[in-house]
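Q: Quick note on numbering: numbering that gives the first Met the number 0 labels position 191 of the sequence shown as 190, and the sequence is numbered without any gaps.
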Amino acid sequence: MQDVYLTAAGACLPGAPVPNDRMVRHIGVLDPQSERLGRLILRHNRIETRHYALTETGEATHSNASLAATALRDAMGNGGYGMEELSLLAAATTQGDLLVPGHASAVHGELGAGPLEIASFQSVCASSMMAAKYAALSVGAGEARLAAATGSEFSSRWFRPSFYTPAEELLQNKEHRMAAEFLRWTLSDGGGAVLFADRPGARTPSYKVEWITLTSLADRFETCMIAGQGPEHREDLRNSWSFHPGGPAAAARDGAIMLYQDMVLLKRIIRAWVGEYLKLVDGGRVDPKGVDWLLCHYSAHSLREEIISLLKTTGGMIDEEKWFTNLPTAGNTGSASLFVMLDEFNRKGLARPGDKILCIVPESGRAVISFMMLTAL
């Protein structure tokens with residue numbers, strides 16, 4: 000395998016930043032209880048602004064695919080590459096614009112580039128790292144000289160009142176209500192992209208890719224973040240929306256068209272994520288004192304505090320002044336988050352030659368954790 004370099008990053012955050020007091024103008028008003036829960040959730044996640052691809056009148060300014068394509072064009076421009084140099088596109092998302100065909104096909108179509116190898120990765124946040132690993136390995140194997148990985152989310156379309164009103168009876172349950180509301184007040188829209196090449200870039204900061212690793216713990220945990228199945232039937236996939244005897248409308252009444260986050264289960268999964276990190280420390284792949292920058296995706300400041308508490312008690316803590324995040328201003332853009340973070344990290348010029356940058360993307364969907372180690376050139 001030849002050396003691989005991350006040579007550019009780009010982002011697409013649609014529209015103007017939306018402060019907390021204007022969120023409902025984009026995602027719509029449910030009821031007074033929703034807004035009370037929203038204020039509580041915002042205190043926990045500490046997001047101050049985010050971006051939506053829905054206007055205040057409910058019109059879409061982008062598609063999911065166009066968010067990714069715009070971010071990729073930004074990365075190509077930042078790196079000084081021509082589109083003809085790109086030979087591989089790995090596109091990640093939680094849910095594409097269509098059920099069929101794959102998301103990468105839609106992104107390629109929006110991109111308007113020539114013939115490309117493509118790969119679609121559908122998961123939740125860690126799908127970005129799946130795409131990044133595929134792109135990096137393709138360059139390392141000599142299959143591509145320049146490969147792109149994108150992550151993009153159009154989460155706000157899930158949060159319109161019409162996705163909740165069919166399941167009004169179900170939402171009388173306090174546990175189900177909080178599970179549905181947490182993501183409504185936490186997730187937002189955006190696209191991010193990174194480029195991998197067989198040589199360092201000439202225009203933007205470049206990083207040698209030391210390694211990328213990803214582990215699923217789905218054999219140990221039930222589904223934690225889910226859409227497509229009601230919260231009362233998570234254990235049997237034959238109860239998903241596509242199997243519902245009453246069809247899609249009946250599935251919506253059972254809550255299958257809403258996004259849920261099981262907050263109780265999430266606390267257990269956090270401990271497992273930290274356990275996987277500590278395996279890397281014990282195995283010598285990560286030296287906490289030797290890490291110069293940590294770019295860790297997390298959905299809320301309260302979850303960051305949970306992680307820090309565990310790291311301090313286990314001796315695996317990386318000093319907080321080394322943590323870089325743009326969650327308060329860019330919001331939680333799911334699979335796009337790490338790439339959007341890297342773009343801002345580059346623009347601020349924070350890395351110095353020789354710096355070790357550890358990137359971590361956990362995923363609560365069904366307990367995935369991923370890591371990427373970079374060395375700044």
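Think of the CB as a built atom: it goes at the ideal place given N, C-alpha and C, for glycine as much as any other residue.
Taking the alpha carbon of A271 as the reference point, which residue from G111, A147 and V367 has its own alpha carbon closest?
A: If we check each option's Cα against that of A271, V367 comes out closest.
Q: Determine the extent of the beta strand (DSSP E) in which V208 is found, giving its start and end residues.
A: Element bounds for V208: Y206 to S215.
Q: Measure the C-alpha to C-alpha separation of W184 and G37 and round it to an integer number of angstroms.
A: Spanning the two alpha carbons is a distance of roughly 6 Å.
Q: For a quick check, are the C-beta atoms of W240 and P247 less than 8 Å apart?
A: Yes, the Cβ-Cβ distance between W240 and P247 is below 8 Å.
Q: Starting from Y276, trace the alpha helix (DSSP H) in both directions and tell me its first and last residue.
A: Y276 -> alpha helix (DSSP H) spans M262 to D281.
Q: At which residues does the alpha helix (DSSP H) containing L357 begin and terminate?
A: Run containing L357: none in the alpha helix (DSSP H); it sits in the beta strand (DSSP E), K355 to E362.
Q: Kindly list the residues whose CB is nearer than 8 Å to the CB of K266, restricted to its own chain and excluding five residues on each side of it in sequence; keep chain order.
A: If we look at K266 and ignore the five residues flanking it on each side, its Cβ neighbours are E305.
Q: Exposed or buried, what is T93 when buried is set at 16 or more other beta-carbons lying within 10 Å of its beta-carbon?
A: Result: buried.
Q: Which residue marks the beginning of the beta strand (DSSP E) containing T92, and which one marks its end?
A: Counting along the chain, the beta strand (DSSP E) containing T92 begins and ends at L87 to T92.
Q: Using the C-alpha atoms, what's the distance from T48 back to S205?
A: Cα to Cα, the separation comes out at about 29 Å.
Q: Distance, Cα to Cα, R303 vs Y297?
A: Their Cα atoms are separated by approximately 7 Å.
Q: Return the CA-CA distance between D73 and A148, expressed in angstroms with no decimal places.
A: Roughly 13 Å between the two C-alpha positions.
Q: From the DSSP secondary-structure annotation, give me the bridge partner or partners of G9.
A: According to DSSP, G9 bridges with A192.
Q: For the region 136-152 and the region 79-97, state whether three or more C-beta atom pairs, one from each stretch, are separated by less than 8 Å.
A: In short, these stretches touch, since the Cβ pair count reaches three.
Q: By DSSP, does V367 sit in helix, in strand, or in coil?
A: DSSP places V367 in strand when its eight states are reduced to three.
Q: Expressed to the nearest angstrom, what Euclidean distance is found between the alpha-carbon atoms of L310 and L277?
A: Using only the alpha carbons, I get a separation of about 9 Å.
Q: Quick check on the DSSP output: the beta strand (DSSP E) that includes S119 runs from which residue to which?
A: Start and end: E116 to Q121.
Q: What residue ranges within the region 93-171 form continuous beta strand (DSSP E) runs of no fewer than 3 residues, ordered along the chain?
A: Correct list: 116-121 and 145-152.
Q: What's the C-alpha gap between D197 and Q1?
A: Each residue's alpha carbon lies about 7 Å from the other.
Q: With three or more C-beta pairs closer than 8 Å as the rule, is the region 120-128 touching the region 326-343?
A: These segments touch.
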